[in-house]
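Everything on this sheet refers to the single structure shown next.
There are 4 protein chains.
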Amino acid sequence: MPSSGRSVKVDGRFLRVFPAAGTTTISTQHMYQSGRHFLQIPGPTNVPERVLRAIAQPTIDHRSAPFADLTRDVLGGLKAVFQTQGHVVIFPASGTGGWEAALTNTVSAGDKVLGFEIGEFSRLWHELARQLGIDVEVVAGDWRRGVQPEIVEAKLRDDRAHEIKAVLVVHNETSTGVTSRLPEIRKAIDRAEHPALFLVDAVSSLASIDLRHDEWGIDVTVSASQKGLMLPPGLSFNAISEKALSAAASARLARSYWAWEPMVRANQTGFFPYTPGTNLLYGLQEALRMLHEEGLLNVFARHERLAGATRAAVRGWGLETVCLDPDEASDVVTAVMMPDGHDADGFRRLVFDRFNLSLGAGLGRLKARAFRIGHLGDFNELMLMGTLSGVEMGLLLAGVPSHRRGVSAAMENLCGSPVTTSDPSGTPS
Amino acid sequence: MPSSGRSVKVDGRFLRVFPAAGTTTISTQHMYQSGRHFLQIPGPTNVPERVLRAIAQPTIDHRSAPFADLTRDVLGGLKAVFQTQGHVVIFPASGTGGWEAALTNTVSAGDKVLGFEIGEFSRLWHELARQLGIDVEVVAGDWRRGVQPEIVEAKLRDDRAHEIKAVLVVHNETSTGVTSRLPEIRKAIDRAEHPALFLVDAVSSLASIDLRHDEWGIDVTVSASQKGLMLPPGLSFNAISEKALSAAASARLARSYWAWEPMVRANQTGFFPYTPGTNLLYGLQEALRMLHEEGLLNVFARHERLAGATRAAVRGWGLETVCLDPDEASDVVTAVMMPDGHDADGFRRLVFDRFNLSLGAGLGRLKARAFRIGHLGDFNELMLMGTLSGVEMGLLLAGVPSHRRGVSAAMENLCGSPVTTSDPSGTPS
Amino acid sequence: MPSSGRSVKVDGRFLRVFPAAGTTTISTQHMYQSGRHFLQIPGPTNVPERVLRAIAQPTIDHRSAPFADLTRDVLGGLKAVFQTQGHVVIFPASGTGGWEAALTNTVSAGDKVLGFEIGEFSRLWHELARQLGIDVEVVAGDWRRGVQPEIVEAKLRDDRAHEIKAVLVVHNETSTGVTSRLPEIRKAIDRAEHPALFLVDAVSSLASIDLRHDEWGIDVTVSASQKGLMLPPGLSFNAISEKALSAAASARLARSYWAWEPMVRANQTGFFPYTPGTNLLYGLQEALRMLHEEGLLNVFARHERLAGATRAAVRGWGLETVCLDPDEASDVVTAVMMPDGHDADGFRRLVFDRFNLSLGAGLGRLKARAFRIGHLGDFNELMLMGTLSGVEMGLLLAGVPSHRRGVSAAMENLCGSPVTTSDPSGTPS
Amino acid sequence: MPSSGRSVKVDGRFLRVFPAAGTTTISTQHMYQSGRHFLQIPGPTNVPERVLRAIAQPTIDHRSAPFADLTRDVLGGLKAVFQTQGHVVIFPASGTGGWEAALTNTVSAGDKVLGFEIGEFSRLWHELARQLGIDVEVVAGDWRRGVQPEIVEAKLRDDRAHEIKAVLVVHNETSTGVTSRLPEIRKAIDRAEHPALFLVDAVSSLASIDLRHDEWGIDVTVSASQKGLMLPPGLSFNAISEKALSAAASARLARSYWAWEPMVRANQTGFFPYTPGTNLLYGLQEALRMLHEEGLLNVFARHERLAGATRAAVRGWGLETVCLDPDEASDVVTAVMMPDGHDADGFRRLVFDRFNLSLGAGLGRLKARAFRIGHLGDFNELMLMGTLSGVEMGLLLAGVPSHRRGVSAAMENLCGSPVTTSDPSGTPS
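Chains as they are written, first to last, in the working numbering: chain A, 620 to 1048; chain B, 620 to 1048; chain C, 620 to 1048; chain D, 620 to 1048.
What follows is the structure in structure tokens.
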């Protein structure tokens, strides 16, 4: 408080200097940064306070009747979100665990699976599969496009011996902002008349982008809590088709924690084969209620609307998205190419320090070459405008060559087609 | 969830219709509005989550030793914020109670006080004084300027009999966005060599705009919890000079709840003469810590910076602020005149419904003629940009004649002087 | 952590000593006391975590439509608790403010009111009335009995000129654990055919002991948030009869904050004449829901059951309650006389330090001579048994002459009539 | 609320009946049960409100600098609790995951390990090991004693070929309330001069019972969040010796999620190889602070004191603990044998319904034959007395043959040796 010490201005901030110590008492590091943090990485997303308060409920006995009610409520709500009538299982684990579960329950060591490297997360999933002893045939990509249905079809047609046990597709590649067209990929598999399981990573798409587990014939949909479901990380999901469940009976990878069968069985009575993540389940219950209140179609439409405005902003800045095909542009994250010679990570640090805004880093081969704007989860127009303003001012302050027309383009986009401004002075603007 | 019923689109939102009932289950009213609410009225302000979690601590015995520690910690921190070495008392009440306390402790029924109607809140304070039987001499104003020091001086010089017992000044008139120049008013009183008490309403200025109780010779500074102190409403404060405390000995208005003397006495041992607002005191302790971490001078500088950007936006829109004198422009709230023929309240409803943004209403004689943008408390650049974007889009959608240059002007203001945009394409923009 | 320094045992606790400093790092004062605190004073009561989480919801605009919904919901629920069809008003204030409001709205300076000093809180209410300039005729009491209906009748019959404008009765005198018989007092007033208003302090009885504002012809019922309503302190209530409301029109005590009329008027549209205590209203909404879920009659029955067990424990210890008439024994607090020569406050400090249990102090003339066990609000059998065990062990450790049969007597009481213990060894126990 | 409908009393509770429906509106199932729930299962334990509020902090970017600070703080605090200078890793998983990690990082399919079935949890760990393809040699036990050091020694001496790669010991067998003597088991391994790794399950002992990872030469200590660490479930830990880390290099079980090496590497910079359980880490940080404030030795002493009182109660009831050897009696949970012909599960349901108290079920071969009283984590004397009172009243109400002397015996135990009651009436009691 100003009553002791004198103040000096350093980097635009006042620090207090005390005579005795001759030094400031409060380091920049621990200073309170006023106002809300803008967590605009593509997950974890901004957890709504309703969910935060829900997870702060006292932990109860996970073998009691009230807990069984919780389980049933949550599983019912989850099925609606996955758009499935089948089983959905919940692991107390983060999304990586869901990847591992999808594989250990369906394939065996030495089995061949087909993967498509369209970005960092698909690459990591393949790596994980290899660590489990699975033979992953990877179709390389340029990290700027999604999985091409025609390649899926061609690859599967070539596999006349049906050695490929599963096709691995990342629905929304979080590292590039590219959404693969699952219905067309499903049709490609069908056209190839191939029996491979269709395993989908929907970690960053579920509850934000339309994903129809049953209708699209997905065998395992993997997801996690910290994206569209608006929760902290710590829960991972598998939606499981009957075909996948049958495959589990013969899959021979060692599994215990990730085993579906005891989970599905225990869930039927509202319980779990080992201690579940009780407090995150409270949060999940609340998040499902919120999705229900808004309506899932409204949730999808909102993500589409805010993503459209984001892309308008990127065009307004004169920058390029990582995603090359507009039909594959992600409604949850927009990855933006940094002009050559400019460091995306330095830019991100600047907006973090100056504007209390977290943007996603370029990952893997895009490291320092791109930054990512998350626009998913508990999000709305004005949070987006704050975010885009932070990016626009950051680009300016970082000296990144760009037009200052992104924010205004986004506003135009959100308000409908560009409108002639009415003018108080009588002069057309 | 989409698994039952069919969806129809109404007003851009999907509602579910169920066959049996033939009606939607979720009314618009109860729909979850995604993302954070922008509470940009000039108080209550956005309560930071640290404060919300603090007030959720279990209530303890207000006659216990840990409670006395809390009292002492909070009173110490408050004195630093009021910039006083004197007494500060805390009432479990909202700000109106603080007004009443300032008067009942210092004047008697029939006493004359001098007031200045510079807006709705000064008007209400005068009305309250009259209800207490006090004779209020009101200097009328145009609601677009602050208290004029020269009028204060003149009025006091005229009062040779020293009948005026107190001068009432609202530091920051929340209804108009005008900040009166307290140090000059103090000097005016001194020049008039008048013994009147100097009573200041700092409800919306404390902890946002510099306010020096001791240095400026204020006798009673009234404030409340729900503005710069970032708390919910429910606590009210009086900082009290020795002169005011002496006046209390002879002031004869009936008082019990608002009496200073038993409060000051009980506080010395860390307690209160009646049950205090324990959980809001928890929040106050946390809020004072946060102000301390940021540093009070930084807090003032931040409010000044964000207010400057807001005014740049208003100029960008081609609109007029209620405040006419730039030297009196408030750093906590900007009141904006609505062009004639346009309804400010309809505009506010539109931005509330469409953008989840609460703006302040025009009050009293400004009803429907002005709207107010609060930019105080736990606030930062991107929250401001979200707010200003909401206003700009709202003006557009409401068909209010305005330029669409407010948001860009605010960004320029925040980034320093206007800069030539670097251009990726080589063409000057 | 034990990895550095060595530990020494002091007073049964291990403290760490570090070589360099030669001193302990953690003072006893700041040590975390494991487990839940037992807050068994007669208010503030243990605030349930549902209520704590409710008050941690973000503050909203108190002039918005969602706020009006909140007001209406809360006022409706409150009326049911007060058992009235009339007006209930809510002040952002603690209970003392409710006392002041009841008086300033109904009587004038110099008016006579009739009061009964049956303990410290009735004494304080009278003192407050005198500070407001009211002429209080006090019927003295021994602080061990409630208000005697026959005295009420006699006093009113004597007042043929009907100078007494109001009769003030504390329903449950929190300092003594005595509950006055309101229905009989009402009948006494009626028998005297006296027009005095019937003002009742139900601060510590509401929502714990049956209280029927309408049926019992009460004119003003004063209450507060921090007792049976299970909230932190900070809200105060007046339930108001039509007769009281009429009296307000002619009552001439200066009032502004406490004025009913603008409050009642504003409430009709869901709003308040000045800033309300938003976050405590959230808590009130949740507390009313909880009372509704349990059912008000169940709430009363539970308080009666736990109070009965407490009194059985006091008898088991061979101690005496302050309350002399079993028909007036309070269901919310039991005040216990300390045997002569033993200091009740020293005893309370011992149980606080040793068992993390807060008991109520003897107040006023009972200071150090009695202690009080609160058994109201969010409370149940095992919390009571923990409390009574703490008292029994404390009596033992403090060397207070007493039998060690209180806890067992309470258990017998809770389980029904004393039962012969079945014996595993075949020997009668 | 009572204003509508009439009330009927059913099973001692009032239910409201409405004329129209002729049925109660509130089912017993959804009624609010007043007061705190007593969660006295041996984990999850009562999560202190400080921890609950900590986990409700907003989720941040797990790749940011503030997150790295959190990681370092938490890992430092954890090492002190494990009493190790080595590595501790944190999995976003429940305890079962920690078991799996301990094995997959140290042994290979087909390897032999030595296990001791002393209860249900040791049995489950063996089963998990078998699912991973490990050859488990199990020493059977009677479920009433801990691991016998002499058998460990004998078994290892017999294994001259050193085929046994690891010895698995459950420190505190939660199903039986038996604590194995780890230091003696370590000495037994040493005496046998056997190179097997020493793997310890400290899930229910860590932070409650002394456990010295380094000093006792443990190679992997497995633990989890929901017991002595006072958190909700969802985090699992491995403390890892250098020897174990070396073993990981050659262990050939497929692993990805559970792999130590990438975890240890990423932790060095404050990060994680995949998304960590951010909000539970907030809670862990707070829980470690609380353990630090109380002092780890005080924590152990408290558990010992409360366990001693619990065992005194069991003796007072004339019942038998599952644990036969007093030197192995657990300080965190007491399992109690139910007299023949009485159903422990029925008894538990009765105390749950009647007293809002959750007790642990008998597991495996003790199903319905025993119940368990958890007395660990955030716990104190009066919570224990409430718990024991609930058990004593429950035994009475369930008609279980028992003496009614448990509660009084526990109080005597807590107050020191039995004392002669001072007697107010002069008659010896």
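All C-beta atoms in this analysis are idealised placements derived from N, C-alpha and C, irrespective of residue type, glycine included.
Against chain C, the beta carbon of D/LEU900 has no neighbour under 9 angstroms; the closest one sits roughly 18 angstroms away.
A residue is called buried once 16 or more other Cβ atoms fall within 10 Å of its Cβ, and C/ALA780, having fewer, is exposed. Taking a cut-off of 8 angstroms for Cβ pairs, the stretch 712-721 of chain C and the stretch 742-751 of chain C touch, as three or more such pairs fall below it. Setting aside the 5 residues that flank it on each side, C/GLU782 is surrounded in the same chain by LYS731, each with a C-beta closer than 6 angstroms to its C-beta; the list follows chain order.
In this chain, the beta strand (DSSP E) harbouring A/ASN857 covers 854-859. In this structure the stretch 942-958 of chain C touches the stretch 987-994 of chain C; the number of beta carbon pairs closer than 8 angstroms is three or more.
Not flagged as an interface residue toward chain A: C/ALA807, since no C-beta distance is shorter than 8 angstroms. Residue pairing by DSSP puts C/ASP820 in a beta bridge opposite C/VAL789 and C/VAL841. By the Cβ neighbour-count rule, C/PRO852 is buried, with 16 or more other Cβ atoms within 10 Å of its own.
Positions of the beta strand (DSSP E) runs, each at least 3 residues long and wholly inside the stretch 734-770 of chain C, are given as 754-758 in order along the chain. A residue is called buried when at least 16 other Cβ atoms come within 10 angstroms of its Cβ; C/GLN702 meets this threshold and is buried. Residue-level contact check: B/CYS1034 touches chain A, since one or more beta carbons of chain A fall below 8 angstroms from its beta carbon. For the pair A/ASN898 and D/ILE679, the CB atoms are not nearer than the 8 angstroms cut-off. By the beta-carbon neighbour count (other beta carbons within 10 angstroms, threshold 16), C/ARG984 is exposed.
Of the candidates C/MET1030, C/GLY937 and C/ASP962, C/GLY937 places its Cα closest to the Cα of C/ARG1023. Interface criterion met: the Cβ of D/HIS656 is under 8 angstroms from a Cβ in chain A. A residue is called buried once 16 or more other Cβ atoms fall within 10 Å of its Cβ, and A/LYS986, having fewer, is exposed. Residues are counted here when their Cβ sits less than 8 angstroms from a Cβ of chain B; for the stretch 664-680 of chain D these are GLU668, ARG672, ALA675, GLN676 and PRO677, given in chain order. Inside the stretch 921-945 of chain A, DSSP marks no whole beta strand (DSSP E) run of 3 or more residues. Partner residues in the beta bridge of A/SER977, as assigned by DSSP, are A/LEU658. Close CB contacts of A/GLU923 within its chain, under the 8 angstroms cut and outside five residues either way in sequence, are with ASP950 (chain order). Listed by position along chain D, the residues whose Cβ is nearer than 7 angstroms to that of C/THR795 form an empty set, because the closest Cβ is around 21 angstroms away. Put simply, the CB of C/GLY1005 is near chain D, with a gap under 8 angstroms to one of its CB atoms. Closest option to A/SER869, judged by alpha-carbon separation, among A/ILE770, A/THR690, A/VAL708 and A/ALA728: A/ALA728. Contact between the stretch 704-715 of chain A and the stretch 993-1013 of chain D is absent: fewer than 3 CB-CB pairs across the two stretches fall below 8 angstroms.
One Cα belongs to A/ALA873, the other to D/LEU1001, and the distance between them is close to 47 angstroms.
At a C-beta separation below 9 angstroms, C/THR894 has these neighbours in chain B: GLY662, PRO663, SER713, GLY714, THR715, ALA843, GLN845, PRO852 and GLY853. Per DSSP, the continuous alpha helix (DSSP H) segment holding D/MET909 begins and ends at 897-913.
Checking the DSSP bridge columns, you'll see C/HIS994 has no partner listed. Not flagged as an interface residue toward chain A: D/ARG967, since no C-beta distance is shorter than 8 angstroms. Annotation: the continuous alpha helix (DSSP H) that includes D/THR1006 extends over 1000-1016.
C/PHE735 places its beta carbon less than 8 angstroms from that of C/VAL758.
Around the beta carbon of A/ARG776, fewer than 16 other beta carbons sit within 10 angstroms, so the residue counts as exposed.
At a cut-off of 8 angstroms between beta-carbon atoms, B/ALA980 makes contact with chain C. At least 8 angstroms separates the beta-carbon of A/THR798 from that of A/SER827. When DSSP states are grouped into helix, strand and coil, D/ALA675 belongs to the coil group.
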